[in-house]
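Trainee: Attaching a single structure in structure tokens format; questions to follow.
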Amino acid sequence: MKEIELRLALVLYGGVSLAIYMHGVSREVLNLVRASNFRLDRNAGKTAENQPSELSPVQTAFRDLLDLISSVADIRVVVDAIAGASAGGVNGIMLARAIAHDLPLDSHSEMWLQNADVTRLARPQSGLSRYLKLSVSPVLDRLISSRLNKQIESAETREKLRQFMQSRWFSPPFSGERFIGWMLDACRKMENGESTGRSLIPRGQTLDLFVTITDYNGMKRRIHLDDPAFVEEWDHRRILNFHAVHRAPGFVDSQFDTDNIPDIVFAARATSSFPGAFPPATVAEMERVLSRKELAWNNRDSFLAQGLDLRSETFGNHCFVDGSVVMNKPFAPVIDVIQRRPAAREVARRLIYVDPAPVEPQEAGSGPVELPGFFRVILASLAHIPRNEPIGDDLRELEQNNRRSRWLSQLIDAAGPMVEQAVSGLLPKRRKVSAALLAKCRQDATVAAFQQAGFAFLNYQSLKLHALAERIAGLAALLNEDEGARAQEEAMLGLFANHFTDLTKNSKDVLGRTDPEIVGLLRGLDVDYRVRRLRFVIRKLNGFYHYEPDSGLPPPDTAALDRLKGLLYEQIDHLGWRWTRRFFGGRSQSITREFVQDVSVGASTAGDHVATLLDSLIGMMGLADLDRLQDELFAETALELLDKERHATLMRAYIGFAFYDLITFPVLQRNDFSEVTEILVDRISPRDATSLFTQGFDLKGKQLNTFGAFFNRGWREHDYLWGRLNAADRLVSIVLSAAHEGTLPQPQVNQARARIFLAVLEEERGKLTEIPDEIDRIDALVRSIYPDFAHVEEEV
Numbered sequence: 001m002k003e004i005e006l007r008l009a010l011v012l013y014g015g016v017s018l019a020i021y022m023h024g025v026s027r028e029v030l031n032l033v034r035a036s037n038f039r040l041d042r043n044a045g046k047t048a049e050n051q052p053s054e055l056s057p058v059q060t061a062f063r064d065l066l067d068l069i070s071s072v073a074d075i076r077v078v079v080d081a082i083a084g085a086s087a088g089g090v091n092g093i094m095l096a097r098a099i100a101h102d103l104p105l106d107s108h109s110e111m112w113l114q115n116a117d118v119t120r121l122a123r124p125q126s127g128l129s130r131y132l133k134l135s136v137s138p139v140l141d142r143l144i145s146s147r148l149n150k151q152i153e154s155a156e157t158r159e160k161l162r163q164f165m166q167s168r169w170f171s172p173p174f175s176g177e178r179f180i181g182w183m184l185d186a187c188r189k190m191e192n193g194e195s196t197g198r199s200l201i202p203r204g205q206t207l208d209l210f211v212t213i214t215d216y217n218g219m220k221r222r223i224h225l226d227d228p229a230f231v232e233e234w235d236h237r238r239i240l241n242f243h244a245v246h247r248a249p250g251f252v253d254s255q256f257d258t259d260n261i262p263d264i265v266f267a268a269r270a271t272s273s274f275p276g277a278f279p280p281a282t283v284a285e286m287e288r289v290l291s292r293k294e295l296a297w298n299n300r301d302s303f304l305a306q307g308l309d310l311r312s313e314t315f316g317n318h319c320f321v322d323g324s325v326v327m328n329k330p331f332a333p334v335i336d337v338i339q340r341r342p343a344a345r346e347v348a349r350r351l352i353y354v355d356p357a358p359v360e361p362q363e364a365g366s367g368p369v370e371l372p373g374f375f376r377v378i379l380a381s382l383a384h385i386p387r388n389e390p391i392g393d394d395l396r397e398l399e400q401n402n403r404r405s406r407w408l409s410q411l412i413d414a415a416g417p418m419v420e421q422a423v424s425g426l427l428p429k430r431r432k433v434s435a436a437l438l439a440k441c442r443q444d445a446t447v448a449a450f451q452q453a454g455f456a457f458l459n460y461q462s463l464k465l466h467a468l469a470e471r472i473a474g475l476a477a478l479l480n481e482d483e484g485a486r487a488q489e490e491a492m493l494g495l496f497a498n499h500f501t502d503l504t505k506n507s508k509d510v511l512g513r514t515d516p517e518i519v520g521l522l523r524g525l526d527v528d529y530r531v532r533r534l535r536f537v538i539r540k541l542n543g544f545y546h547y548e549p550d551s552g553l554p555p556p557d558t559a560a561l562d563r564l565k566g567l568l569y570e571q572i573d574h575l576g577w578r579w580t581r582r583f584f585g586g587r588s589q590s591i592t593r594e595f596v597q598d599v600s601v602g603a604s605t606a607g608d609h610v611a612t613l614l615d616s617l618i619g620m621m622g623l624a625d626l627d628r629l630q631d632e633l634f635a636e637t638a639l640e641l642l643d644k645e646r647h648a649t650l651m652r653a654y655i656g657f658a659f660y661d662l663i664t665f666p667v668l669q670r671n672d673f674s675e676v677t678e679i680l681v682d683r684i685s686p687r688d689a690t691s692l693f694t695q696g697f698d699l700k701g702k703q704l705n706t707f708g709a710f711f712n713r714g715w716r717e718h719d720y721l722w723g724r725l726n727a728a729d730r731l732v733s734i735v736l737s738a739a740h741e742g743t744l745p746q747p748q749v750n751q752a753r754a755r756i757f758l759a760v761l762e763e764e765r766g767k768l769t770e771i772p773d774e775i776d777r778i779d780a781l782v783r784s785i786y787p788d789f790a791h792v793e794e795e796v
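Residue numbering for the sequence shown is 1 to 796, as defined by the UniProt record's numbering.
If you want it as structure tokens, here you go:
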């Protein structure tokens with residue numbers, strides 16, 4: 001059976017009260033991922049005490065859809081990365097936490113439906129202020145009843161709008177502290193006091209979350225020039241990165257767990273601090289709420305230092321506002337990370353962005369263009385225009401990468417036979433190959449590849465040394481807790497680059513292929529080459545899952561392939577630790593601090609200390625030991641898990657990687673080799689979910705300048721329900737496209753889609769008490785669109 005990983009990356013826009021719609025979308029993403037994970041564990045015979053015994057109705061319907069598709073392809077759905085700004089950032093944070101630890105989002109639904117109301121969000125007012133404003137109530141009543149009556153028919157909305165307009169003037173009406181309290185409660189309720197140890201992240205894989213916020217004060221960034229030597233500019237954009245790694249069964253190294261709740265709640269408060277509606281977010285505000293709730297913020301200093309470049313003596317001066325001001329559509333960080341993200345099977349990649357209010361096509365007007373007024377220009381400049389920057393540049397860059405991926409994949413396939421021939425002669429004909437012999441074959445193949453490269457090796461070696469210089473400079477800055485270390489990173493990079501250049505110039509080998517100092521340097525420090533090699537081997541291993549009866553090979557043992565892949569991911573994890581602060585001891589950190597201090601004061605001895613620092617890092621890295629472990633893994637463990645032909649193929653890929661790296665690294669120009677796969681883009685919006693589309697449909701939250709849903713619970717319920725339905729519709733289409741839509745009979749697809757829609761209505765019918773008529777209308781609509789399904793249900 002063909003096995004496919006459908007890997008999703010999500011981008012969630014800002015949109016004020018449209019957050020409720022986006023929450024409905026995130027619920028369905030979680031349902032699909034959980035159904036997929038439960039189904040594959042069931043099929044693999046994996047049972048555990050902490051595994052959920054049953055699925056919700058919607059998750060069951062998604063599982064049935066995946067079971068139906070399994071006749072064509074066995075699909076596992078994985079979320080690689082999530083990025084969000086403002087309202088999208090809040091939903092992205094909660095979804096990431098739910099995926100990382102397999103938690104429900106019910107508490108988040110309760111927060112949006114109950115608390116996202118203007119009467120609960122509003123800040124308390126003094127009696128005097130309230131009394132003075134009562135005198136203007138007749139004016140407000142007349143304004144609301146006359147000018148807004150045609151737009152707002154709901155009496156509840158008009159009354160809450162009148163109350164809202166009586167709030168403090170020239171002061172943000174919403175309470176940031178209340179919002180923080182609700183987010184803290186929602187996060188803690190997700191676990192319900194218990195830690196399950198489960199995760200929806202595949203073993204060995206990582207989930208990344210990116211949240212944009214705006215630093216109102218900004219940070220000075222130094223930019224080096226020719227004349228003057230440098231300039232300093234203010235940088236207000238912050239992109240917080242949280243991640244979780246599923247390292248071993250029952251163990252997730254996570255920044256979304258209970259201990260990190262204050263971190264992610266602060267990020268949610270800051271990214272959604274809409275200017276004029278909420279006061280700016282501050283660390284002091286966060287600490288006040290935590291103190292009232294008797295909760296500790298244990299990671300405060302490290303979170304602020306690593307995520308925001310702030311120290312205890314400086315964070316009191318900073319406040320943060322809505323992330324949409326600087327980046328409302330955070331495609332770039334997601335695109336960057338998913339291009340470097342591995343898969344455990346044949347992969348179908350989808351970048352999905354959620355746009356609750358897409359631009360409507362309009363016909364060109366024939367009348368004169370009205371010039372905008374004073375306040376309209378200010379509002380557009382501060383809010384509307386920043387929130388609607390085009391995404392064309394990001395998507396064009398993605399398409400360029402897709403074209404390069406197609407070309408690179410063809411290049412690798414074309415080079416395959418030549419590399420196979422070159423490497424085959426190095427391996428002995430007998431079956432058994434020891435780890436020591438494998439290491440010798442690997443080194444001989446590398447030398448042969450470099451010799452055959454000719455002068456092209458110069459470009460390759462130069463790129464490798466420059467990438468290593470960047471890595472070491474970044475590591476040196478990371479190992480120093482001094483705030484000025486990052487500022488000296490560029491200077492350190494120059495010292496390392498000059499040192500490497502001198503080594504190349506002084507090499508007896510003109511191209512530097514066999515010079516012992518350069519070879520020793522790369523063997524001792526080039527972590528990324530080893531990571532690329534293992535990623536490449538995993539790419540080859542993924543091909544073993546696909547079985548062709550005419551190949552003459554036995555059917556693959558998928559359990560053995562999974563086990564071997566898990567061991568390779570563990571080796572990648574060990575290598576990745578070499579670039580973290582926690583890996584290094586006090587001696588290396590002390591040497592690094594002395595070096596950074598010399599650089600910061602411009603000491604002439606800084607260059608002399610480069611070799612000493614590099615020798616210290618080589619000793620700490622211990623890459624030779626990892627090389628021996630990996631050689632043993634391929635020579636012995638892989639031999640036990642694979643048949644003879646597949647094992648030989650994998651060995652040749654491992655030994656001959658240098659040939660491929662000469663081709664791929666100069667093209668990719670990044671330190672991590674990943675699958676060469678195209679990334680397709682899909683959108684979730686009311687306009688795209690056409691299965692239940694009716695003329696004149698619109699989200700309620702779009703009214704009142706996208707604040708509408710904060711004034712009416714029924715409107716919130718409406719948008720939340722349609723967020724679930726729209727997402728279910730689109731996700732079904734995306735799953736079908738990954739399995740090559742059209743391979744299943746349309747009646748079966750219709751039944752599966754209708755079953756999911758009705759399951760959503762079943763789950764929400766008793767909870768959404770303000771819109772029973774809408775639920776009944778949608779139920780009738782589903783059964784009218786899919787009469788065959790309704791007929792089958794009645795017979796059953």
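Where is the CB? At the ideal position from N, CA and C, for every residue including glycine.
Fully enclosed by the segment 169-249, which alpha helix (DSSP H) runs are 4 residues long or longer?
Mentor: DSSP runs (the alpha helix (DSSP H)) wholly in the segment 169-249: 176-191.
Trainee: In this structure, does DSSP put S551 in helix, strand or coil?
Mentor: Translated into the one-based positions of the sequence shown, residue 551 becomes position 551. Reduced to three states, the DSSP call for S551 is helix.
Trainee: Can you tell me where the beta strand (DSSP E) holding L768 begins and where it ends?
Mentor: Within the sequence shown, the letter at position 768 stands for residue 768. Counting along the chain, L768 falls outside any beta strand (DSSP E), and DSSP gives it neither H nor E.
Trainee: With DSSP as the reference, identify every bridge partner of G84, one or two as the case may be.
Mentor: Sequence index remark: in the sequence shown, residue 84 carries index 84 (1-based). Per DSSP, L12, V211.
Trainee: Would you call L225 buried or exposed, if buried means 16 or more other Cβ atoms sit within 10 Å of its Cβ?
Mentor: As a first step, residue 225 is located in the sequence shown; it is residue number 225 there, counting from the start. Per the 10 Å Cβ criterion, exposed.
Trainee: Alpha carbon to alpha carbon, how far is T769 from E363? Give it in angstroms, no decimals.
Mentor: Against the sequence shown, residue 363 aligns to sequence position 363. Against the sequence shown, residue 769 aligns to sequence position 769. Any answer about E363 is weak, because its pLDDT of 48 lies below 50 and its placement is not dependable; what the coordinates show is given next. Distance between the alpha carbons of E363 and T769 is about 40 Å.
Trainee: Could you pull the start and end residues of the alpha helix (DSSP H) that residue 799 belongs to?
Mentor: Since the first residue of the chain shown is 1 and the last is 796, residue 799 is not available in this structure.
Trainee: For I715, count neighbouring Cβ atoms within 10 angstroms of its own Cβ and tell me buried if that reaches 16, exposed if not.
Mentor: The count along the sequence shown starts at 1 and reaches residue 715 at position 715. It should be pointed out that residue 715 corresponds to Trp in this sequence rather than to Ile. Buried: at least 16 other Cβ atoms inside 10 Å.
Trainee: Note the first and the last residue of the continuous alpha helix (DSSP H) segment covering L437.
Mentor: Counting from 1 along the sequence shown, the entry for residue 437 is found at position 437. Run containing L437: 435-453, per the alpha helix (DSSP H) assignment.
Trainee: Inspect the CB distances between the segment 319-329 and the segment 685-701 and report whether three or more fall short of 8 Å.
Mentor: Not touching, per the Cβ criterion.
Trainee: Do D64 and R755 have their C-beta atoms closer together than 8 Å?
Mentor: For this step, residue 64 is matched to residue 64 along the sequence shown. For this step, residue 755 is matched to residue 755 along the sequence shown. Yes.
Trainee: If you run the structure through DSSP and keep just helix, strand and coil, what is P279?
Mentor: Here residue 279 refers to the residue found at position 279 of the sequence shown. Coil, per DSSP.
Trainee: Check this for me: beta carbons of A87 and G15, under 8 Å apart or not?
Mentor: The residue given as residue 87 occupies position 87 in the sequence shown. The residue given as residue 15 occupies position 15 in the sequence shown. Contact flag set, yes.
Trainee: My assumption, with CB atoms under 8 Å, is that A739 sits in contact with I4. Please give the rounded CB distance.
Mentor: The count along the sequence shown starts at 1 and reaches residue 739 at position 739. The count along the sequence shown starts at 1 and reaches residue 4 at position 4. With 8 Å as the limit, A739 and I4 qualify as a contact, their Cβ atoms being about 7 Å apart.
Trainee: What residue does the beta strand (DSSP E) around L18 start on, and which one ends it?
Mentor: For the purposes of this step, residue 18 is identified with residue 18 of the sequence shown, where counting begins at 1. Element bounds for L18: n/a, residue is neither H nor E.
Trainee: What does DSSP give as the partner residues of V347 in its beta bridges?
Mentor: Position 347 of the sequence shown, counting from 1, holds the residue named residue 347. Paired residue(s): E5.
Trainee: S254 lies in the beta strand (DSSP E); which residues open and close that run?
Mentor: One-based indexing of the sequence shown puts residue 254 at position 254. Per DSSP, S254 belongs to the beta strand (DSSP E) from 251-254.
Trainee: Is it true that the segment 436-455 meets the segment 565-582, where meeting means three or more beta-carbon pairs spaced less than 8 Å apart?
Mentor: No: fewer than three Cβ pairs fall under 8 Å.
Trainee: Rounded to the nearest angstrom, what separates M492 and V596 at their Cα positions?
Mentor: As a position in the sequence shown, residue 492 is number 492, starting the count at 1. As a position in the sequence shown, residue 596 is number 596, starting the count at 1. Spanning the two alpha carbons is a distance of roughly 8 Å.
Trainee: Over the uninterrupted alpha helix (DSSP H) stretch that includes R341, give me the two end residues.
Mentor: Start at 1 with the first residue of the sequence shown, and residue 341 comes out as number 341. Note, R341: premise wrong, no alpha helix (DSSP H); not H, not E.
Trainee: Determine, using beta carbons only, whether E28 and L731 come nearer to each other than 8 Å.
Mentor: Numbered from 1 along the sequence shown, position 28 holds the residue referred to as residue 28. Numbered from 1 along the sequence shown, position 731 holds the residue referred to as residue 731. Taking 8 Å as the Cβ cut-off, E28 and L731 qualify as a contacting pair.
Trainee: With DSSP collapsed to three states, give me the class of D682.
Mentor: For this step, residue 682 is matched to residue 682 along the sequence shown. Note: D682 maps to strand in three-state DSSP.
Trainee: Within 10 Å of its beta-carbon, does V517 have 16 or more other beta-carbons around it, so buried, or fewer, so exposed?
Mentor: Residue 517 sits at position 517 when you count from the first residue of the sequence shown. Residue identity differs from the one stated: residue 517 is Glu in this sequence, not Val. Its Cβ having fewer than 16 others within 10 Å, E517 is exposed.
Trainee: Identify every residue that forms a DSSP beta bridge with residue 818.
Mentor: Residue coverage of the chain in this structure runs from 1 to 796, which leaves residue 818 outside it and unanswerable.
Trainee: What number of angstroms, rounded off, separates the C-alpha of S107 from the C-alpha of D573?
Mentor: Stepping through the sequence shown from its first residue, residue 107 is reached at position 107. Stepping through the sequence shown from its first residue, residue 573 is reached at position 573. Straight-line Cα distance between these residues: approximately 34 Å.
Trainee: Would you mind stating whether L208 and A81 have Cβ atoms separated by less than 8 Å?
Mentor: Against the sequence shown, residue 208 aligns to sequence position 208. Against the sequence shown, residue 81 aligns to sequence position 81. Residue identity differs from the one stated: residue 208 is Asp in this sequence, not Leu. Contact flag set, yes.
Trainee: S137: buried (16+ other C-beta within 10 angstroms of its C-beta) or exposed?
Mentor: Taking the sequence shown and counting its residues from 1, one reaches residue 137 at position 137. With a pLDDT of 46 at S137, under the threshold of 50, the modelled position of this residue cannot be trusted; read the value that follows with caution. Exposed: under 16 other Cβ atoms inside 10 Å.
Trainee: Specify the secondary structure class of Y786 as computed by DSSP and reduced to three states.
Mentor: Sequence index remark: in the sequence shown, residue 786 carries index 786 (1-based). Y786 falls in the coil class under three-state DSSP.
Trainee: For S737, tell me which candidate among M111, W234, R350 has the shortest Cα-Cα distance.
Mentor: Here residue 737 refers to the residue found at position 737 of the sequence shown. S737 has its Cα closest to that of R350, out of M111, W234, R350.
Trainee: Give every residue of the same chain whose Cβ lies closer than 7 Å to the Cβ of L475, excluding the five residues on either side of it in the sequence, and list them in chain order.
Mentor: Along the sequence shown, read from residue 1 onward, the residue named residue 475 stands at position 475. Same-chain partners within the cutoff: W579.
Trainee: For D788, count neighbouring C-beta atoms within 10 Å of its own C-beta (all shown protein chains included) and say buried if the count is 16 or more, exposed if not.
Mentor: Locating residue 788 in the sequence shown gives position 788, counting from the first residue. Result: exposed.
Trainee: Thinking just about the alpha-carbon of each residue, which of L121, V283, S272 is nearest to the one in A305?
Mentor: Translated into positions along the sequence shown, residue 305 becomes position 305. With distances taken between Cα atoms, A305 lies closest to V283.
Trainee: Would you call the segment 651-668 and the segment 406-421 touching, i.e. three or more CB-CB distances under 8 Å?
Mentor: Touching, per the Cβ criterion.
Trainee: Mind checking V79: buried by the 16 CB within 10 Å criterion, or exposed?
Mentor: Walking along the sequence shown from the start, residue 79 turns up at place 79. The residue in question, V79, is buried, as its Cβ has 16 or more Cβ neighbours within 10 Å.
Trainee: Given 8 Å as the limit, is there contact between the segment 247-254 and the segment 330-339, that is, 3 or more CB pairs closer than that?
Mentor: Touching, no, given that fewer than three Cβ pairs across the two stretches are closer than 8 Å.
Trainee: Leaving out the 5 sequence neighbours to the left and right, which residues in its chain are closer than 6 Å to L143 when beta-carbon positions are compared?
Mentor: For the purposes of this step, residue 143 is taken as residue 143 along the sequence shown, with counting starting at 1. Because L143 carries a pLDDT of 44, less than 50, the predicted location of this residue cannot be relied on, and no value is offered for it.
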